[in-house]
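Chains as they are written, first to last, in the numbering used here: chain R, 2 to 311; chain C, 64 to 156.
Here's the structure we're looking at; comments come further down.
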C-alpha cells in the first residue's frame with residue numbers, strides 16, 4: 002500500500018481495500034480537515050464510509066457528493082478518490098474552495114455500493130446493482146438508483162428482480178440507500194446533493210419520475226449551463242444538461258428526486274465520460290482528465306450553493 | 064468469475080418508432096441475457112447493448128431482418144476487461 006496519498010496512483014483503478022486504505026491515509030495526513038464517518042453497513046456487512054471535510058463548527062450547511070452507487074461505473078469511484086485529494090491539496094490555496102469550506106462542510110461517499118464494487122472486481126465486471134438476496138427471488142440485487150422514496154415503483158423502474166433496474170421490494174430496502182436517507186435526515190442541513198454516475202456526459206437535475214417541472218427548474222437549468230461550460234473549458238468535453246425525464250428517460254425511485262423532495266434544492270446527477278466508445282470500461286488513462294473537468298463543474302455548483310443560502 | 068469472451072457491445076440508434084419498438088422487443092427476451100448499458104429512450108438516442116456471444120447471431124439477425132442498422136461499439140468486451148486488469152496489476156507492482 003502507498004506510504005502517502007502523494008504516492009497513491011490516481012491514474013489507475015483500485016480495489017475496495019486500496020480505496021479504504023487511501024481514505025485512512027488522507028485522514029491521518031490531515032486530521033484538522035478530514036474525518037471518516039461510518040454511516041451504516043452494506044448487505045454483506047461492509048462499512049459505508051463517508052469522508053467529511055470541515056474547518057470546524059457544528060452542523061454547518063453542507064454539500065454531499067457520492068460516487069459508485071452503480072458499482073460498474075468505475076470512473077466515478079476513481080474520480081471520488083481524486084476529488085478527496087484535490088480538496089485537501091487546494092483547501093487553502095484555492096480561493097473558491099477555501100471560501101466554500103469557510104462556510105460549509107463537504108461530505109464525500111466514494112464507494113456507495115461496496116458489495117457491488119467488490120463483485121465487479123472479483124466475479125462480474127459488469128455488475129450494477131446491490132448484492133441483496135431475498136427468499137423466493139431467483140435473482141440478486143436491487144438497482145440502488147430506483148430504490149428511493151420518490152415515485153417509488155412507478156414507471157421507469159422494474160418490478161422484476163432479474164432486471165437491471167429492479168426497484169426492490171420497498172423504498173429504502175437497500176441498506177446502502179437507507180444509510181444515506183438516515184444521514185441526510187439526521188444532518189438536516191445539507192444544501193447541495195450531487196450523485197455521480199457514468200456514462201453519457203450529462204448533467205441532470207430533478208425530476209425523473211414525473212414530467213412536472215421542479216419549482217426551481219429555471220435556477221437549476223442556469224446552474225447546469227454554467228457548470229457544463231466550466232467543465233467543457235478544460236478539454237472541450239461536450240455535455241448535455243436538463244431534467245432527468247426530458248434529457249434521458251423516465252426513471253422512478255431516483256436519488257436526487259428524493260433529495261430534492263427533502264428540500265435540498267441543489268440536487269444534481271452527473272453522467273461522466275464517455276458518450277459510448279468504451280462506456281463502463283473507460284480506460285484508466287482517462288480517470289484524471291475526467292475528474293479534473295468534473296471538478297470544475299462541481300465547484301460551480303458548490304459556489305452557487307455557498308452564495309445562495311436558503 | 065464471469066468472462067466476456069466473444070461478447071460485444073452494439074450501438075443502435077433507432078430513427079423510427081417502428082425501429083424503437085423492435086429494439087424494445089429485445090429487452091423482453093430474457094433468454095438472450097442482454098445487458099442494456101444505455102436503455103432505449105427515444106428516437107435518435109443511442110441504445111448500447113452488451114450481447115453475450117451465444118446471442119450475437121440471433122440479435123444481429125433480428126436487427127438486420129428489420130432493417131435496423133447498428134455499429135459494434137466494443138468488438139471484444141473481454142479484451143478491454145483484461146487490459147483493465149493488467150493496468151491495475153502493473154500499478155500495484
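Heads up, the beta-carbon is just placed ideally off N, CA and C, and yes, glycines get one too.
Checklist entry - Closer than 8 angstroms, CB to CB, is residue 106 of chain C near chain R or not? => result Walking along the second chain from the start, residue 106 of chain C turns up at place 43. Residue 106 of chain C does not count as touching chain R.
Checklist entry - When we look at the beta-carbon of residue 309 of chain R and count the other beta-carbons within 10 Å, is it buried (16 or more) or exposed? => result Sequence index remark: in the first chain, residue 309 of chain R carries index 308 (1-based). Around the beta carbon of residue 309 of chain R, fewer than 16 other beta carbons sit within 10 angstroms, so the residue counts as exposed.
Next on the checklist: Using a Cβ-Cβ distance cut-off of 8 angstroms, determine whether residue 64 of chain C contacts chain R.
Outcome noted: As a working mapping, residue 64 of chain C is identified with position 1 in the second chain. Chain R, which has a Cβ nearer than 8 angstroms to the Cβ of residue 64 of chain C, makes this yes.
Next on the checklist: So if DSSP puts residue 134 of chain C in a beta bridge, which residue, or which two residues, is it bridged to?
Outcome noted: The sequence position of residue 134 of chain C within the second chain is 71, counting from 1. DSSP, once it has assigned bridges, lists C:74 as partnering residue 134 of chain C.
Next on the checklist: Quick check: what's the CA-CA separation for residue 24 of chain R versus residue 79 of chain C?
Outcome noted: Taking the first chain and counting its residues from 1, the one referred to as residue 24 of chain R is at position 23. Taking the second chain and counting its residues from 1, the one referred to as residue 79 of chain C is at position 16. So the two alpha carbons sit approximately 49 angstroms from each other.
Item to check | Bridge-paired residues (DSSP) for residue 205 of chain R | outcome: Taking the first chain and counting its residues from 1, the one referred to as residue 205 of chain R is at position 204. In DSSP, residue 205 of chain R forms a bridge with R:243, R:270.
Item to check | Residue span of the alpha helix (DSSP H) that contains residue 116 of chain R, given as start and end | outcome: For the purposes of this step, residue 116 of chain R is taken as residue 115 along the first chain, with counting starting at 1. Taken as a continuous stretch (DSSP letters only), the alpha helix (DSSP H) holding residue 116 of chain R covers 115-123.
Checklist entry - Looking at the C-beta of residue 77 of chain C, does it have a partner C-beta in chain R at a distance below 8 angstroms? => result Within the second chain, the letter at position 14 stands for residue 77 of chain C. Not a single C-beta of chain R is nearer than 8 angstroms to the C-beta of residue 77 of chain C.
Next on the checklist: Using a Cβ-Cβ distance cut-off of 8 angstroms, determine whether residue 10 of chain R contacts chain C.
Outcome noted: If you number the first chain from 1, residue 10 of chain R lands on position 9. With its beta carbon less than 8 angstroms from one in chain C, residue 10 of chain R belongs to the interface.
Checklist entry - Three-state secondary structure (DSSP) at residue 128 of chain R? => result Stepping through the first chain from its first residue, residue 128 of chain R is reached at position 127. It is coil, neither helix nor strand.
Checklist entry - Between the C-alpha atoms of residue 215 of chain R and residue 207 of chain R, what's the straight-line distance to the nearest angstrom? => result Here residue 215 of chain R is taken as the residue at index 214 of the first chain, counted from 1. Here residue 207 of chain R is taken as the residue at index 206 of the first chain, counted from 1. Computed Cα separation, rounded: 7 angstroms.
Item to check | Inter-residue spacing [alpha-carbon to alpha-carbon] between residue 163 of chain R and residue 138 of chain R | outcome: As a first step, residue 163 of chain R is located in the first chain; it is residue number 162 there, counting from the start. As a first step, residue 138 of chain R is located in the first chain; it is residue number 137 there, counting from the start. Going by C-alpha positions, residue 163 of chain R is about 9 angstroms away from residue 138 of chain R.
Next on the checklist: So if DSSP puts residue 68 of chain R in a beta bridge, which residue, or which two residues, is it bridged to?
Outcome noted: For the purposes of this step, residue 68 of chain R is taken as the residue at position 67 of the first chain. Residue 68 of chain R is bridged to R:197.
Checklist entry - Nearest-angstrom Cα distance between residue 217 of chain R and residue 209 of chain R? => result Translated into positions along the first chain, residue 217 of chain R becomes position 216. Translated into positions along the first chain, residue 209 of chain R becomes position 208. Residue 217 of chain R and residue 209 of chain R: Cα-Cα distance of roughly 15 angstroms.
Checklist entry - So, does the CB of residue 132 of chain R fall closer than 8 angstroms to a CB anywhere in chain C? => result For the purposes of this step, residue 132 of chain R is taken as residue 131 along the first chain, with counting starting at 1. Not closer than 8 angstroms to any Cβ of chain C, the Cβ of residue 132 of chain R fails to qualify, so no.
Checklist entry - What's the gap between the Cα of residue 74 of chain C and the Cα of residue 122 of chain C? => result Locating residue 74 of chain C in the second chain gives position 11, counting from the first residue. Locating residue 122 of chain C in the second chain gives position 59, counting from the first residue. Across the structure, residue 74 of chain C and residue 122 of chain C are spaced so that their CA atoms are roughly 12 angstroms apart.
Checklist entry - Taking Cβ-Cβ distances shorter than 8 angstroms, what residues in chain C pair up with residue 165 of chain R? => result Taking the first chain and counting its residues from 1, the one referred to as residue 165 of chain R is at position 164. For a Cβ distance threshold of 8 angstroms, residue set 98, 99 of chain C lies close to residue 165 of chain R, ordered along the chain.
Next on the checklist: Suppose you measure from the CA of residue 285 of chain R to the CA of residue 62 of chain R; what does that come to, to the nearest Å?
Outcome noted: For this step, residue 285 of chain R is matched to residue 284 along the first chain. For this step, residue 62 of chain R is matched to residue 61 along the first chain. Linking residue 285 of chain R to residue 62 of chain R through their CA atoms gives a straight-line distance of about 34 angstroms.
Next on the checklist: For residue 146 of chain C, count the other beta carbons within 10 Å of its own beta carbon; 16 or more makes it buried, fewer makes it exposed. Which is it?
Outcome noted: In the second chain, the residue the question calls residue 146 of chain C occupies position 83. Result: exposed.
Checklist entry - At which residues does the alpha helix (DSSP H) containing residue 117 of chain C begin and terminate? => result To locate residue 117 of chain C, count along the second chain from 1; it is residue 54. For residue 117 of chain C, the enclosing alpha helix (DSSP H) has its first and last residue at 116-128.
Checklist entry - Is it true that the CB of residue 204 of chain R sits closer than 8 angstroms to the CB of residue 242 of chain R? => result By 1-based counting over the first chain, the position of residue 242 of chain R is 241. By 1-based counting over the first chain, the position of residue 204 of chain R is 203. Yes.
Item to check | Boundaries of the beta strand (DSSP E) in which residue 53 of chain R is found, first to last residue | outcome: Here residue 53 of chain R corresponds to residue number 52 of the first chain, with the count starting at 1. Unbroken beta strand (DSSP E) run through residue 53 of chain R: 48-54.
Checklist entry - Mind checking residue 156 of chain C: buried by the 16 CB within 10 Å criterion, or exposed? => result What you label residue 156 of chain C is simply residue 93 of the second chain in a count that begins at 1. Flag for residue 156 of chain C reads exposed.
Checklist entry - When you compare only the Cα positions, how much space is there between residue 118 of chain R and residue 84 of chain C? => result Residue 118 of chain R sits at position 117 when you count from the first residue of the first chain. Residue 84 of chain C sits at position 21 when you count from the first residue of the second chain. Rounded to the nearest angstrom, the two C-alpha atoms are 33 angstroms apart.
Checklist entry - Checking contacts by CB at 8 angstroms: is residue 285 of chain R closer than that to chain C? => result For the purposes of this step, residue 285 of chain R is taken as the residue at position 284 of the first chain. Residue contact check for residue 285 of chain R against chain C: a CB pair falls below 8 angstroms.
Next on the checklist: Contact criterion: CB-CB distance below 8 angstroms. Does residue 124 of chain C meet it with respect to chain R?
Outcome noted: Residue 124 of chain C sits at position 61 when you count from the first residue of the second chain. Answer no: the Cβ-Cβ gap between residue 124 of chain C and chain R never drops below 8 angstroms.
Next on the checklist: So residue 281 of chain R contacts chain C; which residues on that side make the cut at Cβ distance below 7 angstroms?
Outcome noted: Taking the first residue of the first chain as 1, we reach residue 281 of chain R at position 280. The answer, in chain order, is 100.
Next on the checklist: Assuming contact is defined by CB atoms lying nearer than 8 angstroms, are residue 281 of chain R and residue 200 of chain R in contact in what I supplied?
Outcome noted: By 1-based counting over the first chain, the position of residue 281 of chain R is 280. By 1-based counting over the first chain, the position of residue 200 of chain R is 199. Their beta carbons are under 8 angstroms apart, which means residue 281 of chain R touches residue 200 of chain R by this criterion.
Item to check | Identity of the residue in R:291, R:45, R:127 nearest residue 82 of chain R by Cα | outcome: As a first step, residue 82 of chain R must be located in the first chain, where it is residue number 81. Minimum Cα-Cα distance from residue 82 of chain R among the listed residues R:291, R:45, R:127 corresponds to R:291.
Checklist entry - Since residue 197 of chain R and residue 271 of chain R are thought to touch, with beta carbons under 8 angstroms apart, how far apart are those beta carbons, to the nearest angstrom? => result Locating residue 197 of chain R in the first chain gives position 196, where the first residue counts as 1. Locating residue 271 of chain R in the first chain gives position 270, where the first residue counts as 1. The pair is a contact, with the Cβ atoms about 5 angstroms apart (cut-off 8 angstroms).
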